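Protein sequences appear in the order of chains R and U.
Under my numbering, the first residue of the first sequence is numbered 876, with each subsequent residue one higher.
Under my numbering, the first residue of the second sequence is numbered 876, with each subsequent residue one higher.
Glycine residues also receive a C-beta, built at the ideal position from the N, C-alpha and C atoms.
Just so you know, these numbers come straight off a predicted model, no measurement behind them.
Below is one structure, written out as C-alpha cells; the observations come after it.
Number of protein chains: 2
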Amino acid sequence: MSKQAPGVLSLDSGIECCSPLVAEPLSGSQAGELARVFKAMGDPVRLRLLSLIASHAGGEACVCDLTDVFDLSGPTISHHLKVLREAGLIAGERRGTWVYYRVLPDVLGQLADVLAPTSVRRQSTTKAKATQ
Amino acid sequence: MSKQAPGVLSLDSGIECCSPLVAEPLSGSQAGELARVFKAMGDPVRLRLLSLIASHAGGEACVCDLTDVFDLSGPTISHHLKVLREAGLIAGERRGTWVYYRVLPDVLGQLADVLAPTSVRRQSTTKAKATQ
DNA sequence: TCCTTGCTTCGACGACTATCGAGACAGAGG
DNA sequence: CCTCTGTCTCGATAGTCGTCGAAGCAAGGA
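Shown next as C-alpha cells:
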C-alpha cells in the first residue's frame, strides 16, 4: 500500500523542466520536494540498490537478487526499498512468488536537469565539442 | 582546517564521466562518495542555500544575505553551510568583515551526468510531457 | 585600547534513522 | 488442508541529525 504516487517527484509542483538550481532560488516547496528525493539517495545502500535495479537486465530486479549483494538482513533491504519507493524513485510489482522492482521512468533525468540543464551541462562536461 | 579537498566529489574514485547510475551497478566506494553528496543535498534548507548561492549575482553570496531568508538561527545556517562545504559542493572565503560562498565549478554537472548521461537525457526529458 | 558586528565552534537536547529479530502475510506445491 | 519460501511489517535499540543558546574569533572603527 502506501503511496506509490505517479510522478511523486514534483512534476506537479512546477520543478519539472525549467527550474535549474542555479538559475533562481528554489522555493520552499520545491526545495522540500527535491530534498525528499535526494535524502532517499543519501545512503550508500539505497544508491547501490537503485543502481542495481536500474542496470539490471530487463530494467527490473527481483528482491532476492538484491538481498544477496549486501551483508544486511532482509528486513533492512526491504526498508530501504520502501524509502526509495516512497520517494518516487522506484516501483515494485509482485509476480507470483517474487517481487520485482524497476526505476520509474524519467525521474533521474528530471533530477539531472534540475542540477544542471542539458545545454549547460554539455559545455561544462564536454567542453571540447561545442555542439548544440 | 577541515577538508575542502580539491574535487571531493569523486573525480578520484572514478565516478566522474563514465559511470552513470543506470549503466552498471555502483561499487561500494562510488556509492559511498555519491551518497555523501546527496545526503548533503537531502535537506530543504541546504538545497535552498545551494540554490541561493548558485543563483546569486556574481556567483557568490554573503552569509548575511543567506541568514535573512530563513527563520533559523545564525549557528544553524553556519552548520548547514559547513555540511555543504564538507560535501565539496561550495567553498567559502572571507573578505574583510564578510564571508562569501560560491558553488564549486562542475560539481553539479558531474552529479547530473551520473544520474543521467547527457545524450540519454535529451530524449527522456523531451517525452516527459507525454507521460503521466 | 575597547566596543561592535559578522560568522563559527561548542555543548546539549529532541527527533529521526538504520539495523535487527520475531512474527505476519502471500503464493506455490504437495 | 498443510508446509515451505519469499517478502513485508512491527517493535526495540543504538546511533545520527537539526536546532538552539552561549561563548569564541576575526575584522573594522571609536
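For the region 931 to 957 of chain R, list the alpha helix (DSSP H) runs that are entirely contained and at least 4 residues long, ordered along the chain. 938 to 944
Rounded to a whole number of angstroms, what is the C-alpha to C-alpha distance between residue 976 of chain R and residue 959 of chain R? 10 Å
Give, in chain order, every residue of the region 926 to 948 of chain R whose Cβ lies closer than 7 Å to some Cβ of chain U. 926, 927, 929 and 930
From the DSSP output, read off the bridge partner residues of residue 966 of chain R. R/977
Using 8 Å as the threshold, is the C-beta distance between residue 895 of chain U and residue 966 of chain U below it? no
Measuring only between beta-carbons, confirm whether residue 897 of chain U sits less than 8 Å from chain R. yes
Helix, strand or coil: how does DSSP classify residue 899 of chain U here? coil
Report all residues from its chain with a CB closer than 8 Å to the CB of residue 956 of chain U; omit the five preceding and five following residues, and keep chain order. 924, 938, 941, 965, 967 and 976
Closest Cβ-Cβ distance between residue 960 of chain R and chain U: below 8 Å? no
Starting from residue 987 of chain U, follow the alpha helix (DSSP H) in both directions and report where the run begins and ends. 982 to 990
Assigned exposure category for residue 981 of chain R - 16 Cβ within 10 Å defines buried: buried
Secondary structure of residue 993 of chain R, DSSP reduced to three states: helix
Is residue 956 of chain R close to chain U, meaning its C-beta is less than 8 Å from at least one C-beta of that chain? no
Beta-carbon separation of residue 908 of chain R and residue 930 of chain U under 8 Å? no
Strictly below 7 Å CB to CB, what residues from chain U border residue 900 of chain R? 923, 926, 927 and 930
Within-8 Å CB hit, residue 967 of chain R to chain U: no
Backbone CA spacing between residue 996 of chain R and residue 969 of chain U [nearest angstrom]: 29 Å
As assigned by DSSP and simplified to three states, the class of residue 971 of chain R: coil
Secondary structure at residue 917 of chain R, three-state DSSP: helix, strand or coil? coil
Just to confirm my understanding: we take residue 913 of chain R, look at its own chain, exclude 5 residues before and 5 after, and list those with CB closer than 6 Å. What are they? none
Check whether chain R comes within 8 Å of residue 979 of chain U, counting only Cβ atoms and requiring the distance to be less than that. no
When burial is assigned at 16 or more other CB atoms within 10 Å of the CB, is residue 951 of chain U buried or exposed? exposed
is_contact[residue 885 of chain U, chain R] using C-beta, thresh 8 Å: Any answer about residue 885 of chain U is weak, because its pLDDT of 41 lies below 50 and its placement is not dependable; what the coordinates show is given next. False, the Cβ-Cβ gap to chain R never drops below 8 Å.
Exposed or buried, what is residue 926 of chain U when buried is set at 16 or more other beta-carbons lying within 10 Å of its beta-carbon? buried
For residue 993 of chain R, which residues from the same chain have a beta carbon less than 6 Å from its beta carbon, with the 5 sequence-adjacent residues on both sides left out? none
Check each candidate in U/902, U/949 and U/978 and name the one with the smallest Cα separation from residue 933 of chain U. U/978
Who are the neighbours of residue 903 of chain R on chain U, taking C-beta pairs under 8 Å? 919 and 923
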